[in-house]
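Residue numbers (this note's numbering): 13 to 189.
Just so you know, even glycine gets a beta-carbon here, dropped at the ideal spot from N, CA and C.
Remember, predicted model here, so these are calculated numbers, not experimental data.
Inspection log for the structure reproduced underneath, given as structure tokens.
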């Protein structure tokens, strides 16, 4: 059972990181706004293009590593590292009192706030569960999967990923200003 939960966590994280990367590159305006948003995190103008490219590349690489059993632990480690860095950057921006919008999943009218720290903490917890569910697979060299359980796990993960991606909108509905 834990291996299917772990697989679901990996699928959820892969979808989230893939959606985050795609939302930043789907158009010229999205790329420009994402680069500009890095100013709120203290990134100097001359480094913004390189940092933006690095973030997008890391998100895509992590999304690619997560689903396969043989690369899953590397993907989980990369995802955890990115989430920690993102959380520290958001915390730093909040301490400085900036009013930057969240560009995690493209354009958003919602400014950065503690809810983004909460989202990242939830994603870090999902990463930890993903590791817990992946370790038995890594230790056994990959046991046989039950296709029905695998499909159900992936389906639930995609639904939950959609909720994570829509987090800002959901919070705005539940906790209006």
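Close CB contacts of residue 60 within its chain, under the 8 angstroms cut and outside five residues either way in sequence, are with 47, 48, 50 and 51 (chain order). With respect to residue 76, residue 26 sits close: the two C-beta atoms are nearer than 9 angstroms.
Taking residue 125 as reference, the option from 66, 45 and 183 with the minimal CA-CA separation is 183.
Straight-line spacing of the CA atoms in residue 142 and residue 63 works out to 27 angstroms. When beta bridges are read from the DSSP output, residue 123 appears opposite 113. Note that the region 100-115 does not touch the region 67-84; fewer than 3 beta-carbon pairs, one per stretch, sit closer than 8 angstroms. Between residue 20 and residue 166 the beta-carbon gap is near 7 angstroms, inside 8 angstroms, which marks them as a contact. Residue 95 and residue 123 have their C-alpha atoms roughly 18 angstroms apart. No residue range can be given for residue 158, since it is assigned to no alpha helix (DSSP H) and is classified by DSSP as neither H nor E. With contacts defined by Cβ atoms closer than 9 angstroms, residue 24 and residue 170 form a contacting pair. In the structure shown, the three-state DSSP call for residue 85 is helix. Ranked by how close their Cα comes to the Cα of residue 82, the residues 146, 17, 156 and 57 have 146 in first place. The beta-carbon separation of residue 159 and residue 15, rounded to 14 angstroms, does not stay under the 8 angstroms limit for a contact. Taken atom to atom, the span from the alpha-carbon of residue 139 to that of residue 177 is near 16 angstroms. In this model, residue 104 and residue 168 are separated by some 33 angstroms (Cα to Cα).
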